[in-house]
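**Student:** Numbering of the sequence shown is given in our numbering, commencing with residue 1047 and proceeding in unit increments.
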Amino acid sequence: MKIAIVVYSQTGSTRKFAEIIEKKLKSKKHATDLFDLKVTGDVHPGAKNFKISNSPDISSYDTVLIGTPVWAFSSAPVIPAFLKNKDLKGKKVLPFVTMGFPFKVLGGTRAISVMSKAAADNGAEVLPGSIVTKLFHNYKAMMVSEGEKICDRLKK
């Protein structure tokens, strides 16, 4: 399976999770490429006046994993903007997020929902997403565990 991992990360936490996922997928002999989205303009919750300066071509990938931090109880606006301009017909898409709050309902589930809808609206088969919470948890262990769960979801 050829897998693109597309991530937006300002502080590096979501990028670190993406790297853990990539390592797990490669250990299972999947071909993976990791792309960091870069933007120009002001990016904040609800922002629309920014441009993705390095939008990768994902047309040759079977599966696309999309990752973002949770901002203001939803996804950062960059990933939904990225998905709006992509033809995802025939592709599996799996969203993942990192968040500071300890409970997934404090933005994580909404972020997954926003990203899933953006992917489905462009024809993707959306797989269940993954949420990693930071506060009061062993963040690194949770990333490793969720990375393994992502690999398992891709087998089905």
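Glycine included, each C-beta is placed from N, C-alpha and C at the ideal position.
Note that the structure is a prediction, hence the values are computed from the model and not measured.
Are the region 1185-1201 and the region 1145-1161 in contact at 8 Å, needing three or more beta carbon pairs?
**Tutor:** no
**Student:** With a CB to CB cut of under 7 Å and the five nearest residues on each side skipped, what residues in its chain are close to VAL1172?
**Tutor:** VAL1139, SER1162, ALA1165 and ALA1166
**Student:** Name the one or two DSSP bridge partners that PHE1081 has.
**Tutor:** VAL1052
**Student:** Does the separation of the CB atoms of GLY1175 and PRO1141 fall below 9 Å?
**Tutor:** yes
**Student:** Considering only residues of the same chain and omitting the five flanking positions on each side of PRO1091, which have a CB-CB separation below 6 Å?
**Tutor:** TRP1117 and ALA1118
**Student:** Using the Cβ count rule (16 or more neighbours within 10 Å means buried), how would you classify SER1105?
**Tutor:** The residue is exposed, with fewer than 16 neighbouring Cβ atoms inside 10 Å.
**Student:** Decide yes or no for the touch test of the region 1123-1131 against the region 1061-1068: beta carbon pairs closer than 8 Å, at least 3 of them.
**Tutor:** no
**Student:** Going along the chain, which residues of its own chain have a beta-carbon closer than 6 Å to the beta-carbon of ALA1050, five neighbours each way excluded?
**Tutor:** ASP1079, ILE1104, TYR1107 and VAL1110
**Student:** ALA1077: buried (16+ other C-beta within 10 angstroms of its C-beta) or exposed?
**Tutor:** Residue burial annotation: ALA1077 is exposed, with fewer than 16 other C-beta atoms found within 10 angstroms of its C-beta.
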